[in-house]
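Engineer: One structure, as structure tokens, below. Some questions next.
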Amino acid sequence: MEDLQTLRAAAEAALAYAGSVDDRPAFPPADAVAGLAAFDEPLPETGTDVADTLRLLDRAGSPATVASTGTDYFGFVVGGVHPAALGTAWLADAWDQNAALPVMSPVAARVHDVVRDWLVDLLRLPASTGVVFTTGATVANATGLAAARDALLERAGWDVQADGLFGAPEITVVVGAQRHSTLSKSLGLVGLGRDRVIEVPADDQGRLRAEELPDVSGPVLVCAQAGEVNTGAFDPFDRVADWADAPGRDTWVHVDGAFGLWALADPSRAHLVAGLDRADSWATDGHKWLNVTYDCGIAFVRDPAALRRTFTAVAGYLPPDEGFEAMHHTPQSSQRARQLEVWAVLRSLGRGGVAELVQRTSDTAVAIADRLRAGGLEVVNDVVLNQVLVRAGNPAATTALVAAVQADGRIWCGGTQWQGAPAMRISVSSWKSSPADADTVATAVLECARVSA
């Protein structure tokens, strides 16, 4: 009974936080951050009361959180947790399921199968596509890239899982100049190298210039991008796929779509995603635009056998195959059941709701851009999705604007570097955002621009 009372108190604190987050400052004030000193204590020699521990966590920790689940946070393409995801997370944490094998969690295995079908249908990917859940887009990218590496080398007569990369046939890796840093990190992680790549120039929006793709043959891995992290721009997927399909070119096309892949769910953005379904693997995040809790990455591979080739694990204590076995298709063995939250949000929103979410937040970005442009700031990018890139005349003024907005505290958005100069990046990713919020954002930014000028 005492344990249940402790859990009820924790649940009440969580509900109080969720109910107040929209009224909290987007970034914690200095005194709240200073209050984190309450955690600086030596490891207790004997146990501490659980209820007291949870009270300390709420008392010192809650005020020092970034209110990224609230209405005023527009930084880092961070989604705000949807109620369906939050409620599911609470229940799933109580279940504490290991989703590695069906024998460990029948519910996780069954929901995985359902969610796989829903995602493939929603995103209009090839019907055969395998879907797995990871810690985030970095590992989702690495998952797709590892599968690509092994498939390309197998076709070249090399078993990389048995023999490693030493002495293996060379894979040519082709990337765009504006690839995300985590794609490079993933290339290094799977042994293909961050810098051992052919870099294709990008246009003024960060799109890979397909006419500059190299004339190469043999095993080739080309990495395209759905949603450039600053501008939201999309690579020309049909032209990339046409290049990959050229005779004599054994190619795997991988797409990094950490947030932009969700544009596939919005029929009004078909012009941005044309040819995207022709790739061999894709990576995205659930904790961005789908607004599930951290962390949730999703990897898609056209041929799920490629995942099993790379990630299967054999041990005497493991039971025979029984349905989809996540541990044989992902880098991790033990894993939490991320598919439960994805299922809950998809079921709550439905096909139309996901499309509306993408449309509404993108419309909000357009409205913000229009207001800022009318107010005299420069909007650097073509606002085709949920990203707005802003400058205030010159580098010093732009840097001062970013600092002023963050110090002001009404909203929070971050700075970035774009084409060699600073800019402010506004990311509209929360399920709570609507065009009505454009006035709040624009008013705060324009007032800060006047103060910091």
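Residue 198 is where the sequence shown starts when you use this note's numbering, and the numbers rise one by one after that.
C-beta: ideal position from N, C-alpha, C; glycine also.
If I measure Cβ to Cβ from Pro299 and keep anything under 6 Å in the same chain, skipping five residues before and after, which residues do I get?
Structural biologist: Cβ neighbours of Pro299 beyond the five flanking positions: Ala306, Glu519 and Gly520.
Engineer: Which runs of the beta strand (DSSP E) at least 3 residues long sit entirely within the segment 494-565? Give them in chain order.
Structural biologist: List check, beta strand (DSSP E) in window: 494-498.
Engineer: Do you know how far the Cα of Val394 is from the Cα of Gly364?
Structural biologist: Roughly 18 Å separates the two Cα atoms.
Engineer: According to the Cβ coordinates, are Ala343 and Val387 closer than 7 Å?
Structural biologist: Taking 7 Å as the Cβ cut-off, Ala343 and Val387 qualify as a contacting pair.
Engineer: Let's test the definition: count the other Cβ atoms within 10 Å of the Cβ of Phe330 and tell me whether it reaches 16, buried, or not, exposed.
Structural biologist: Buried.
Engineer: Is Trp628 helix, strand or coil by DSSP?
Structural biologist: Correct three-state label for Trp628: coil.
Engineer: I'd like the span of the alpha helix (DSSP H) that includes Leu358, first residue to last.
Structural biologist: A quick correction: the sequence has Gln, not Leu, at residue 358. Val357 to Asp360 is the span of the alpha helix (DSSP H), which, as asked, contains Gln358.
Engineer: Going by DSSP in three states, Ala480 sits in which element: helix, strand or coil?
Structural biologist: Residue state, collapsed to three classes: strand.
Engineer: Using a Cβ-Cβ cutoff of less than 6 Å, which residues in the same chain neighbour Leu389 once the five nearest sequence positions on both sides are dropped?
Structural biologist: Excluding residues within five positions, the ones whose Cβ falls inside 6 Å are Val370.
Engineer: Please report the straight-line C-alpha distance between Lys382 and Asp200, rounded to a whole angstrom.
Structural biologist: Going from the Cα of Lys382 to the Cα of Asp200 covers about 43 Å.
Engineer: For Leu410 versus Trp449, is the C-beta distance shorter than 7 Å?
Structural biologist: No; because the gap between Cβ atoms is not below 7 Å, this pair is not in contact.
Engineer: Taking just the CA atoms, how far does Trp292 sit from Thr527?
Structural biologist: About 22 Å.
Engineer: Classify Trp615 as helix, strand or coil using the three-state DSSP reduction.
Structural biologist: Strand.
Engineer: Going straight from the alpha carbon of Val653 to that of Asp567, what length do you get?
Structural biologist: Absent from the model: residue 653. The displayed extent of the chain is 198 to 650, so no value can be given.
Engineer: Alpha carbon to alpha carbon, how far is Val263 from Asp219?
Structural biologist: So the alpha carbons of these two residues sit roughly 11 Å apart.
Engineer: For Asp447, which residues does DSSP report across the bridge?
Structural biologist: The partner list for Asp447 (beta bridge, DSSP) reads Pro416.
Engineer: Are Val638 and Gly429 touching if we call contact CB-CB under 7 Å?
Structural biologist: Cβ atoms of Val638 and Gly429: not closer than 7 Å.
Engineer: Does chain C have any CB closer than 7 Å to the CB of Val563?
Structural biologist: The structure shown contains no chain C, having only a single protein chain.
Engineer: What does the alpha-carbon distance come out to for the pair Arg376 and Leu204?
Structural biologist: If you take the alpha carbons of Arg376 and Leu204, they lie about 44 Å apart.
Engineer: Where do the ends of the alpha helix (DSSP H) carrying Val396 lie?
Structural biologist: Sequence inspection shows Glu at residue 396; the Val mentioned does not correspond to that position. From DSSP, Glu396 is part of no alpha helix (DSSP H) but of the beta strand (DSSP E) over Ile395 to Val397.
Engineer: Spatial neighbours of Pro603 within its chain, please: C-beta separation below 7 Å, excluding the five flanking residues on both sides.
Structural biologist: Strictly speaking, residue 603 in this sequence is Gln, with Pro absent from that position. Contacts found: Phe224 and Trp609.
Engineer: Do you know how far the Cα of Ala421 is from the Cα of Arg406?
Structural biologist: Answer to the nearest angstrom: the Cα atoms are 11 Å apart.
Engineer: Can you give me the C-alpha to C-alpha distance between Glu396 and Gly232, rounded to a whole angstrom?
Structural biologist: Approximately 47 Å between the Cα atoms of the pair.
Engineer: Count the other CB atoms, across all protein chains shown, that sit within 10 Å of the CB of Ser217; report buried if there are 16 or more and exposed otherwise.
Structural biologist: Exposed is the call here.
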